[in-house]
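So the sequence shown is numbered by the working numbering: it starts at 1196 and just counts up by one.
A virtual CB, placed ideally from N, CA and C, is assigned to each residue, including glycine.
For reference, the structure is listed below as structure tokens.
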Amino acid sequence: MAKYLLGYERMGTGRIGASKRELTKLKEVASEQMKDGRPIIEDPRFRDRLTRVEVELMALEITNLRFLDQMRRSGRPPGADVSMLKIKGTEIQQAITELMMQAAGPLAQAFRPVDAMDFDHFTARLAPRYCNLRKATIYAGSNEIQRNIIAKATLGL
């Protein structure tokens, strides 16, 4: 019963929709924040990391849809291979928060300044969110355990 329920849980832990929304917000923030007189989104290293995360998120979405279609056709519950969704999804979530922290720079503070009238609630939530999402690779079975599940059940190792 636990394996059955955890299979469905792991399909949702990737949080693809939320990651897509956060990626859109990340691009907006990176376009507004300046570094060396230019928007940070124009920094080649930042842009490369952003593009890599975006491609990985698209691949995760396609893989998720493939698993859903496979389940619909076969009528079987998700198997051990859905652990891939959990692993990659949580890694993408963490990568997005890392890029958000980098884009916001010193504005990503975990507190509200007492004397700041132009306080930005979004950037103030970035540091706590970044720290909170470190747990994503642990819940629903740590990513290391998920890799073992894939190795044993899917690859037969």
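Report task. Report all residues from its chain with a CB closer than 6 Å to the CB of K1283; omit the five preceding and five following residues, and keep chain order. Result -> The beta carbon of K1283 sits closer than 6 Å to those of L1255, all from its chain and outside the five residues before and after it, given in chain order.
Requested in this report: Would you give the residue range spanned by the alpha helix (DSSP H) that I1345 belongs to?
Outcome: Per DSSP, I1345 belongs to no alpha helix (DSSP H) and is neither H nor E.
Query raised in the report: Cβ of L1221 within 8 Å of Cβ of M1295?
Result: Between L1221 and M1295, the C-beta spacing is below 8 Å.
Requested in this report: Can you tell me which of S1278, P1272, V1248 puts its alpha carbon nearest to the alpha carbon of E1339?
Outcome: Among S1278, P1272, V1248, the Cα nearest to that of E1339 is on S1278.
Query raised in the report: Would the region 1319-1337 and the region 1286-1293 be scored as touching if the rule is three or more Cβ pairs under 8 Å?
Result: Yes, since at least three Cβ pairs between the region 1319-1337 and the region 1286-1293 fall closer than 8 Å, the two stretches touch.
Query raised in the report: Expressed to the nearest angstrom, what Euclidean distance is found between the alpha-carbon atoms of Q1228 and L1263?
Result: Taking the straight line joining both Cα atoms gives about 39 Å.
Requested in this report: Taking all protein chains shown into account, decide if G1202 is buried (16 or more other Cβ within 10 angstroms of its Cβ) or exposed.
Outcome: By the neighbour-count definition (other C-beta atoms within 10 Å, threshold 16), G1202 is a buried residue.
Query raised in the report: Quick one, are the C-beta atoms of A1360 and A1298 less than 8 Å apart?
Result: Limits of the chain in this structure are 1196 at one end and 1352 at the other, which puts residue 1360 out of reach.
Query raised in the report: Can you tell me the Cα-Cα spacing of R1244 and G1207, whole angstroms?
Result: Going from the Cα of R1244 to the Cα of G1207 covers about 24 Å.
Report task. Have a look at C1326 and G1300 and give me their C-alpha separation to the nearest angstrom. Result -> When rounded, the distance between both Cα atoms is 15 Å.
Query raised in the report: For L1321 versus R1205, is the C-beta spacing smaller than 8 Å?
Result: For L1321 and R1205, no; Cβs fall outside 8 Å.
**Report entry** Same chain only: Cβ atoms within 6 Å of E1217, ignoring 5 sequence neighbours per side
**Finding:** Non-local C-beta neighbours of E1217 in its own chain, meaning closer than 6 Å and more than five positions away in sequence, comprise I1291, ordered along the chain.
Requested in this report: Starting from D1243, follow the alpha helix (DSSP H) in both directions and report where the run begins and ends.
Outcome: Per DSSP, D1243 belongs to the alpha helix (DSSP H) from 1239-1269.
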